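Chains as they are written, first to last, in my numbering: chain A, 4 to 270; chain B, 29 to 276.
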Amino acid sequence: MLVDINTCFGTSPKKRVRYADTVTAARMFDEPGQVVPTMQEVDWSLDNLLRVIDEHQVDLALTYSLRGKLYDFVTGNHETWEAVQTHPQLVPVATLDPCRHFGCLEEVEHCADRGFRVFRFFPDEQGWAIDSLPFLRICEAVAEYGLAIMLPAGGWGQQSRIAELLCPLGVPVITLAATFTVVAESLAVAAAYDNFFCETSAIHTVESIEGFAQAAGADKLMFGSNSPESYFKSAYNLVEVARVSDQEKHDIFGGNALRCLQLGGHQ
Amino acid sequence: MRKIDMHAHHGVWSYSIPLADPTERLLRLCEREEIAYMVCSSALALLYDMQAGNAEMAEAFADHQQLLGYVYVNPNFLPESVAEMERYLALDYFVGVKIHPRLSATAENAPQMAELMGEVAARSSLLLMHTVDQNASRQMGRYAEQYPELNIILGHSGHTDSNAAAAVAREHPNIYLDFCCEWPGAGKIERALEICGPEKIVFGSDSDLLEPGFTRGMFEGAHLSAEHERMVFWDNAARLLRLEKPAA
């Protein structure tokens, strides 16, 4: 079973989708103050996402609406919920912006009641800090419903801080897009916290996947492609060629997500 | 399919990559990914010591005909860079020159870069230039016009500015693109094919900093025709390297 935990859809204006959101390593390659790389055209439509996951035989794709991330989480989460009603291969991921304050906790309850399994957060793009009290209060509410929390791995140190702050809540905490610059931190944190997991889309080297499996366990990795922004096969090939056991590969490609996010009802 | 990898590195990195013998690691990647020739620059030269890095790589590659070298040069050390080119381009397994503006803290349009570019063009027909935005791509277009005998690969194809890099490649017959990048943005290769055509694209992996299968996945996602695959993975690079051996 192939489960992709990192997809999205929407009609996003490209100028608001920052390169650095998904590839923090850009900061390493590019001098601060240089020309900001322009975001290239991406077909973010739901139809295109469905085409990608169908082409690559993805059984389940966790997805969220860009409207929720960039504009309004209430209508965005509703858009996500509507999409999954007609496409059972999609699993809804809710978004929230702590800066809004009003309606945040109500939206947690609303989404939990509707069957969302994960809340995904965007501190860089929305301009708030992971150690801010409003965010932590929201996470406490999310944890009361037993839902998972996803957020970007970020730069060096962020994953350690995320784990310190959120893992005591007892729900799965998943960091996304950890690049080769911070994978060493990913595996150390995953080894230290039972409920800390990492998504694979930006790990970039097979040895990092293998090293992660050895140090922290393959059961702490979940496959994600960052579709439709990224080529699906780039992330897929990393896991596919990794020298881990068939069982571990099976777990990374879907078993871990099914188990930890309790996606049984979606199969 | 057999491939020529025009963008790789030899050495160690401060990332979570095992500290195995770097030459053996590259050879293993070549075997697994059907890479017949891998053209590398030295990580040691890029990050710390130009002369020591070039020397280390030259020694490591001497007995491995599938591993080829770029001489790394630095615009801040012009006489030394010229000496490096004189020393290593005389060896048949050094096939070109590598410049990294950021790691040498020199802009593409800086006077010392322009001076170095003249020295490179006088000694080599192939340059791999780390190129991460549209301004850099356009500046490389100006150098391409100035030195029409120098073939220039825009390493990383301008990162997220790859449309602009492709436009520069279309305008200049001696500009080529490679797409290794930690950002595997869907559609960028298809757009480049439309803008500059498959004859201007070569395969580069950024090994062993990035996994070759990661970049291969971008081309798989772009659904190249068999003819375009052959051009990208072999023919274009073979032409630049003046190889006579056909793809198997």
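The C-beta atom is built at its ideal place from N, Cα and C for all residues, glycine as well. It should be emphasised that the depicted structure is a prediction, and the values quoted were computed from it without experimental measurement.
Asked: Of all the residues that make up the segment 233 to 252 of chain B, which are near chain A by a beta-carbon distance shorter than 8 Å?; Found: D236, L237, L238, E239, G241, F242, T243, R244, G245, M246, E248, G249, A250
Asked: Is any beta-carbon of chain A found at less than 8 Å from that of B/R143?; Found: Reading off the sequence, residue 143 of chain B comes out as Glu, not Arg. Judged by the 8 Å Cβ criterion, B/E143 is not in contact with chain A.
Asked: How about B/T243 and B/D234: are their beta carbons less than 8 Å apart?; Found: yes
Asked: Give a single yes or no on whether A/K236 has its beta carbon closer than 7 Å to a heavy atom of the ligand MN.; Found: This structure lacks the ligand MN, and indeed carries no ligand of any kind.
Asked: If I follow the unbroken beta strand (DSSP E) through A/A64, where does it start and stop?; Found: 63 to 68
Asked: Does the Cβ-Cβ distance between B/Y116 and B/M145 come in under 8 Å?; Found: no
Asked: Would you identify the three-state DSSP class for B/L178, choosing helix, strand or coil?; Found: coil
Asked: What's the gap between the Cα of A/S135 and the Cα of A/F122?; Found: 17 Å
Asked: Could you tell me the distance, in whole angstroms, from the CA atom of A/I56 to the CA atom of A/L169?; Found: 31 Å
Asked: For A/Q88, count the other beta carbons within 10 Å of its own beta carbon; 16 or more makes it buried, fewer makes it exposed. Which is it?; Found: exposed
Asked: Determine the extent of the alpha helix (DSSP H) in which A/A194 is found, giving its start and end residues.; Found: 186 to 195
Asked: According to DSSP, is A/A151 part of a helix, a strand, or is it coil?; Found: strand
Asked: Is there a Cβ from chain A that is less than 8 Å from the Cβ of B/R170?; Found: no
Asked: Would you say A/G214 faces chain B, with C-beta separation under 8 Å as the test?; Found: yes
Asked: With 7 Å as the limit, tell me which residues of the segment 206 to 219 of chain B have their beta carbon closer than that to any beta carbon of chain A; keep them in chain order.; Found: E210, W211, P212, G213, A214, G215, K216
Asked: Roughly how many whole angstroms lie between the Cα atoms of A/F76 and B/L268?; Found: 52 Å
Asked: Kindly give me the distance between the Cβ atoms of B/I217 and B/F207, rounded to whole angstroms, as I take these residues to be in contact under 8 Å.; Found: 6 Å
Asked: Tell me whether the beta-carbon of B/L221 lies closer than 8 Å to the beta-carbon of B/L205.; Found: no
Asked: Report the rounded CA-to-CA distance for A/A219 versus A/D249, giving the unit in angstroms.; Found: 17 Å
Asked: According to DSSP, is B/P240 part of a helix, a strand, or is it coil?; Found: helix
Asked: Per DSSP, which one or two residues make a beta bridge with B/G183?; Found: B/H158
Asked: In terms of alpha-carbon separation, which member of A/F226, A/V176, A/Y239 lies closest to A/F124?; Found: A/V176
Asked: Rounded to the nearest angstrom, what separates B/Y98 and B/R270 at their Cα positions?; Found: 15 Å
Asked: Mind checking which residues open and close the beta strand (DSSP E) that includes B/W122?; Found: The sequence shown places Phe at residue 122 of chain B, not Trp. 122 to 127 is the extent of the beta strand (DSSP E) around B/F122.
Asked: If you measure from the beta carbon of A/D33 to each beta carbon in chain B, is any gap under 8 Å?; Found: Confidence in A/D33 is poor, its pLDDT being 41 and thus under 50, which makes the residue's placement unreliable; the coordinate value appears in the next sentence. So yes, A/D33 belongs to the interface.
Asked: Check B/A71 in the structure and name its three-state DSSP category.; Found: helix
Asked: Indicate whether B/G249 and B/A214 have their beta-carbon atoms separated by less than 8 Å.; Found: yes
Asked: Contact defined as beta carbons within less than 8 Å: I believe B/N104 pairs with B/Q140. What is the distance between those atoms, to the nearest angstrom?; Found: 7 Å
Asked: Hey, does B/S185 have any beta-carbon neighbour from chain A nearer than 8 Å?; Found: no
Asked: Is there at least one Cβ from chain A nearer than 8 Å to B/R198's Cβ?; Found: no
Asked: Check B/I63 in the structure and name its three-state DSSP category.; Found: strand
Asked: Chain B beta carbons: is any one of them nearer than 8 Å to that of A/H207?; Found: yes
Asked: Would DSSP call B/P50 helix, strand or coil?; Found: helix
Asked: If you measure from the beta carbon of B/P201 to each beta carbon in chain A, is any gap under 8 Å?; Found: no
Asked: Using only the alpha-carbon positions, how far apart do A/G214 and B/Y175 sit?; Found: 45 Å
Asked: Under 8 Å between the Cβ atoms of B/L155 and B/V125?; Found: yes
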